[in-house]
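Chains as they are written, first to last, in my numbering: chain A, -5 to 181; chain B, 165 to 311.
Given below as structure tokens:
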């Protein structure tokens, strides 16, 4: 047999291999990988939900682990994440700061938290959405895990599940971590 | 006759609606400076809506697209260059936000592959044509020698 007939066969096999590899790695297609992971979180400072005259920002949180969770009362997927976050608050391994994103009316957010329970140690608001853009947020919910140096060590681009909470968040925390006593009472 | 009239009416209604549909998709916000407005138009067509991934920022009515358009207007008004604006958004949302990927060594295969495949195709085609021609010539020679 003429070996040259094997060339198209070889090309075909190569193509099949490329497509199989592509399919098996397509889980992340459509999910934005944040270029901010591994870098210091861009400075943010936002008004508190309960008292807009007061602010909270990345500078006050330096030296502490925290999760920054973007949500909104308009966000259907956030509702399905809520119970997971409530459980995380009960476990108290890390403080979760809520960012109420693009809710025009703070009363809606307060109502949501009083009805469903408040998983956050503190809640700030980003009504204009500038901070969300500066952190590369595309669609709620999104969550950042930030270490005491202010570096983003992980970003969850969607709903946190009990599995991803364990695997991606808790596994990155030091074994003895907990919610700082000063913030535990929170809003 | 009535069917034709009904059809014509429907057609007129659809035609009347067509411009309205495109008008909804476009952001009514504009910039007062026509030069900035022109740059703004170019930018929002070159950048992808990060939520509805196959739309440009110009086409998308998603809330995040409106926020990104607003951010671009703010940066243009602040005197930032197109490159600075794109660099900023890439630093936050990754290169995914660019509809046209940047030229870089990492993307070299992306830009080079179509050209490589084209050259490969031409080389194969030329070789096949030459072989066929040689085959036909030989057959002709054989025919001639037989007769």
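The beta carbon of each residue, even a glycine, is placed where N, CA and C say it ideally should be. None of the values given here were measured: they were computed from a predicted structure.
Residue i: which of the options sits nearest, CA to CA?
i, options, result
"residue 55/A", "34/A, 65/A and 64/A", "34/A"
"residue 97/A", "159/A, 118/A, 8/A and 16/A", "118/A"
"residue 154/A", "168/A, 136/A, 165/A and 53/A", "136/A"
"residue 202/B", "272/B, 236/B, 302/B and 275/B", "236/B"
"residue 109/A", "115/A, 101/A and 168/A", "101/A"
"residue 163/A", "1/A, 79/A, 50/A and 30/A", "79/A"
"residue 1/A", "297/B, 294/B, 288/B and 302/B", "288/B"
"residue 132/A", "216/B, 293/B and 295/B", "216/B"
"residue -2/A", "299/B, 300/B, 291/B and 297/B", "291/B"
"residue 52/A", "99/A, 74/A and 61/A", "61/A"
"residue 240/B", "276/B, 195/B and 301/B", "195/B"
"residue 233/B", "270/B, 267/B and 211/B", "211/B"
"residue 45/A", "165/A, 126/A, 143/A and 116/A", "116/A"
"residue 120/A", "15/A, -4/A, 49/A and 169/A", "49/A"
"residue 110/B", "122/A, 169/A, 43/A and 30/A", "Beyond the ends of chain B as shown, which are 165 and 311, falls residue 110/B; an answer cannot be given."
Which partner residues does residue i have in the DSSP bridge list?
i, result
"residue 34/A", "145/A"
"residue 273/B", "None; residue 273/B has no bridge partner."
"residue 92/A", "63/A and 117/A"
"residue 259/B", "Bridge partners of residue 259/B: none, in fact."
"residue 39/A", "51/A"
"residue 212/B", "220/B"
Under three-state DSSP, which class holds residue i?
i, result
"residue 285/B", "helix"
"residue 63/A", "strand"
"residue 125/A", "helix"
"residue 140/A", "strand"
"residue 189/B", "Summary for residue 189/B: the model assigns pLDDT 47, below 50, so the residue's position carries little reliability; its value from the coordinates is reported in the next sentence. In the structure shown, residue 189/B sits in a helix (DSSP, three-state: H, G or I)."
"residue 98/A", "coil"
"residue 13/A", "helix"
"residue 54/A", "coil"
"residue 183/B", "In this predicted model, residue 183/B has a pLDDT of only 48, less than 50, meaning its place in the structure is not dependable enough to derive any value."
"residue 151/A", "coil"
"residue 253/B", "helix"
"residue 220/B", "strand"
"residue 166/A", "helix"
"residue 87/A", "coil"
"residue 297/B", "helix"
"residue 264/B", "coil"
"residue 226/B", "coil"
"residue 72/A", "helix"
"residue 3/A", "helix"
"residue 174/A", "coil"
"residue 179/A", "Low local confidence applies: a pLDDT of 44 at residue 179/A is under 50, so the model's placement there is unreliable, and no value is given."
"residue 134/A", "coil"
"residue 112/A", "coil"
"residue 78/A", "helix"
"residue 231/B", "helix"
"residue 27/A", "coil"
"residue 45/A", "coil"
"residue 246/B", "helix"
"residue 105/A", "helix"
"residue 311/B", "Caution applies to residue 311/B, whose pLDDT of 49 falls short of 50 and renders its modelled position unreliable; the model cannot decide the point."
"residue 302/B", "helix"
"residue 195/B", "coil"
"residue 18/A", "helix"
Report yes or no: is there a C-beta of chain C within less than 9 Å of the C-beta of residue i?
i, result
"residue 258/B", "Among the chains of the structure shown, chain C does not appear; the protein chains present are A and B."
Worksheet item: Okay, do the region 30 to 46 of chain A and the region 65 to 81 of chain A touch, 3+ Cβ pairs below 8 Å being the bar?
Response: The answer is no - the region 65 to 81 of chain A does not touch the region 30 to 46 of chain A, with fewer than three Cβ pairs under 8 Å.
Item to complete: Taking 8 Å as the threshold, find out whether the region -1 to 6 of chain A comes into contact with the region 49 to 63 of chain A through three or more Cβ pairs.
Response: The region -1 to 6 of chain A makes no contact with the region 49 to 63 of chain A; the number of CB pairs closer than 8 Å stays below 3.
Discussion item. So, does the region 164 to 176 of chain A touch the region 70 to 88 of chain A, judging by three or more C-beta pairs under 8 Å?
Written reply: The region 164 to 176 of chain A and the region 70 to 88 of chain A touch, with no fewer than 3 CB-CB distances between them shorter than 8 Å.
Item to complete: Indicate whether the contact test is met: 3 or more Cβ pairs, each with one atom in the region 221 to 230 of chain B and one in the region 246 to 254 of chain B, closer than 8 Å.
Response: At 8 Å Cβ cutoff, the stretches do not touch.
Practice prompt. Determine, using beta-carbon pairs with one atom in the region 123 to 132 of chain A and one in the region 252 to 265 of chain B, whether at least three such pairs fall under 8 Å.
Written response: Short answer: they touch.
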